[in-house]
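Novice:
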Amino acid sequence: MSGVRLHVAGSVAELQLQNPAKLNCLTVEMLDQLASHIEMIEAHAGIRAVVIIGEGEKAFCSGADIKAWADLAPADFARTWVRGGHRSLDRLARLHKPTVAALNGHAFGGGLELAAACDIRVISPEAAIALPEAGVGIVPGWSGSQRLARLIPEGMLKEMALFGRRIGADRLHACGFAAAIARDVRSAAQEIAGRVAALSPRATEITKAMIHAGLGEDSAALIEALGSAAIAATPDRAEGVAAFQGKRKAEFPGT
46 MSGVRLHVAG
56 SVAELQLQNP
66 AKLNCLTVEM
76 LDQLASHIEM
86 IEAHAGIRAV
96 VIIGEGEKAF
106 CSGADIKAWA
116 DLAPADFART
126 WVRGGHRSLD
136 RLARLHKPTV
146 AALNGHAFGG
156 GLELAAACDI
166 RVISPEAAIA
176 LPEAGVGIVP
186 GWSGSQRLAR
196 LIPEGMLKEM
206 ALFGRRIGAD
216 RLHACGFAAA
226 IARDVRSAAQ
236 EIAGRVAALS
246 PRATEITKAM
256 IHAGLGEDSA
266 ALIEALGSAA
276 IAATPDRAEG
286 VAAFQGKRKA
296 EFPGT
């Protein structure tokens with residue numbers, strides 16, 4: 046039975062993709078579970094970092110389950126499958142806590158897009174990434190042509206998306222897509238997550254927001270969130286709330 050398992054140990058949460066019979070390919074139910082877990086992690090003050098890994102040793106995630114979308118009408122394919130998957134992966138990308146993808150095996154199509162939505166990646170020496178969509182007559186639908194373009198060189202992206210080539214661990218580490226190559230990717234990812242979890246959670250949250258704003262990742266909401274956080278700490282905000290609640294005219298100190 047497929048699913049996404051959530052396990053919390055101390056301040057680190059691990060999300061494991063569980064569909065090993067199909068190389069951890071993503072179903073509608075798995076995408077919904079992923080989004081639900083992320084919502085819980087966002088609200089859980091004790092969780093300070095997240096690791097995402099696939100079950101087994103063959104694949105991190107082989108992409109989207111073709112049976113989930115093959116028979117959809119064009120409008121439903123675009124509206125339900127593509128936009129629905131986008132919402133789940135965008136939610137992951139915009140999670141304010143640091144995320145590490147542990148590529149214990151191949152990451153193809155939607156699986157690669159899932160890894161790209163994380164902050165950094167650790168990869169097994171035998172693992173490779175690919176965008177095989179053109180081979181089945183479709184295009185990358187969950188930001189493979191957008192978010193991924195910020196993470197790897199244009200030529201490498203075109204090798205995969207246009208020419209169907211796979212890119213191995215050494216090249217991915219050399220270009221910065223993978224932070225490390227490790228035989229035991231789970232241990233390596235957990236170690237990285239443990240180190241970041243020991244840092245100031247507010248500092249990492251705000252730093253991640255500033256970086257994402259600069260990259261255009263949900264920049265409008267991030268700019269307003271940062272501005273709102275700044276104003277919330279001022280005496281003006283305290284006076285404004287107190288005046289409203291006391292039904293009197295506010296006298297803002299401006300400090």
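Numbering (this note's numbering) for the sequence shown: 46 to 300. In this text, a Cβ means the ideal position worked out from N, Cα and C, and glycines have one as well. Quantities reported herein were computed from a predicted structural model and do not represent experimental measurements.
#1: Whole-angstrom Cβ separation of residue 68 and residue 49, contact assumed at under 8 Å?
#2: Identify, in the order they occur along the chain, each residue of the same chain with its Cβ nearer than 7 Å to the Cβ of residue 202, setting aside the five sequence neighbours on each side.
#3: What are the start and end residues of each continuous beta strand (DSSP E) run of 3 or more residues lying completely inside the stretch 166–197, in chain order?
#4: I need the boundaries of the alpha helix (DSSP H) containing residue 239, first residue and last residue.
#5: How far does the beta strand (DSSP E) with residue 251 in it extend, from its first residue to its last?
#6: If you pair each beta-carbon of the stretch 173–181 with each one of the stretch 120–131, do three or more pairs fall below 8 Å?
#7: With DSSP as the reference, identify every bridge partner of residue 73, one or two as the case may be.
#8: To which residues of the same chain is residue 222 closer than 7 Å at the C-beta, ignoring the five residues directly before and after it?
#9: State the Cα-Cα distance for the pair residue 29 and residue 185, rounded to the nearest angstrom.
#10: Along the chain, where does the beta strand (DSSP E) that runs through residue 59 open and close?
#11: Under a Cβ-count criterion, where at least 16 other Cβ atoms within 10 Å of its own Cβ denotes burial, should residue 96 be classed as buried or exposed?
#12: Hey, how far is the Cα of residue 139 from the Cα of residue 260?
#13: Using DSSP with H/G/I as helix, E/B as strand and the rest coil, what is residue 125?
#14: Can you find the residues in the same chain that come closer than 7 Å, C-beta to C-beta, to residue 47, ignoring five residues on each side of it along the sequence?
#15: I need the straight-line Cα distance from residue 296 to residue 107, nearest angstrom please.
#16: Taking the DSSP output, what are the residues bridged to residue 145?
#17: So what does DSSP say about residue 207, is it helix, strand or coil?
Specialist: According to the data block:
#1: Incorrect: roughly 15 Å between the Cβ atoms, too far for contact.
#2: Residues of the same chain with a CB within less than 7 Å of the CB of residue 202, apart from the 5 flanking positions on each side, are 193, 194 in chain order.
#3: Every beta strand (DSSP E) stretch that sits fully inside the stretch 166–197 and reaches 3 residues is listed by chain position as 173–175.
#4: 230–242
#5: Per DSSP, residue 251 belongs to no beta strand (DSSP E); it is in the alpha helix (DSSP H), 246–260.
#6: Touching, no.
#7: Paired residues: none, contrary to the question.
#8: 166, 196, 197
#9: Nothing about residue 29 can be reported from this structure: the residues present for the chain run from 46 to 300 only.
#10: First-last of the beta strand (DSSP E) with residue 59: 57–63.
#11: Taking all protein chains in view, the Cβ of residue 96 is crowded by 16 or more other Cβ atoms within 10 Å, so the residue is classified as buried.
#12: 12 Å
#13: Reduced to three states, the DSSP call for residue 125 is helix.
#14: Closer than 7 Å at Cβ, skipping near neighbours: 63, 64, 72, 74, 75.
#15: Their Cα atoms are separated by approximately 60 Å.
#16: 96, 165
#17: coil
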